[in-house]
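Before any comments, here is the structure.
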Amino acid sequence: MQFPSQERLDEMMSFPELKMKMSGAKIAVVPWSSRAKPKSRLHTAWIVAENVPEELQNYQSICEIGSMIGAVEEVDLMSLDSEDIVRFKVHIKSVATIPPVVEVAVKPFYMTSISELNPLVMKDGMMKQLIWVRELRSISMG
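Heads up: the sequence shown begins at 26 in the working numbering, then just goes up one per residue.
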């Protein structure tokens, strides 16, 4: 399907709403604006994770894990070279939204971080003492 021309879009915008023939769905065509109106500000938090499995100590994996918590802004690349500690900065609605459980799949295992002091269990009978300590180093508005 070809996208409508500007003239056709202008014509559609002159109607308050359009009804689709087959589904009966109603749509409104409005001009796009880059002036998005934010709902609220997010909190910024540095998350420190300890005893991170070696398979997850890379930029992409930390971004994926961080995205389960909030919007990832930054990964401390120097921390990726450390033994088992990684730091990343996320933007979150509230500190209360930081999940107590983070589940991650790394082929062929499915790992779950249950809480600060519980072991990470890997399916297929393997078990490692992989504790992820979630610690907020700083929380600030802005």
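Cβ coordinates follow ideal geometry from the N, Cα and C atoms, glycine included. All of these numbers come straight from a predicted model, not from anything done at the bench.
Identity of the residue in the options nearest residue i by Cα
i: S92; options: V54, V129, E42, F40; result: V129
i: D109; options: P41, E80, K64; result: E80
i: Y84; options: A61, F113, K64; result: F113
i: T122; options: I72, M37, N76; result: I72
Inter-residue Cα distance where the pair is residue i and residue j
i: V55; j: Q82; result: 45 Å
i: L43; j: R33; result: 13 Å
i: H116; j: G95; result: 5 Å
i: R66; j: S86; result: 26 Å
i: V127; j: R60; result: 35 Å
i: P124; j: P78; result: 19 Å
i: M38; j: K62; result: 22 Å
i: F28; j: F40; result: 18 Å
Integer Cβ distance of residue i from residue j, believed to fall under 8 Å
i: A74; j: V111; result: 5 Å
i: H68; j: S119; result: 7 Å
Residue i - DSSP class collapsed to helix/strand/coil
i: I87; result: helix
i: L105; result: helix
i: R18; result: No information on residue 18 is available, as it lies outside the stretch 26 to 167 that the chain covers here.
i: R112; result: strand
i: A74; result: strand
i: A121; result: helix
i: E79; result: helix
On the three-pair Cβ rule with 8 Å, is the segment 29 to 48 touching the segment 90 to 107? no
Quiz item: Should the segment 97 to 109 be regarded as contacting the segment 52 to 68, the criterion being three or more beta carbon pairs within less than 8 Å?
Solution: no
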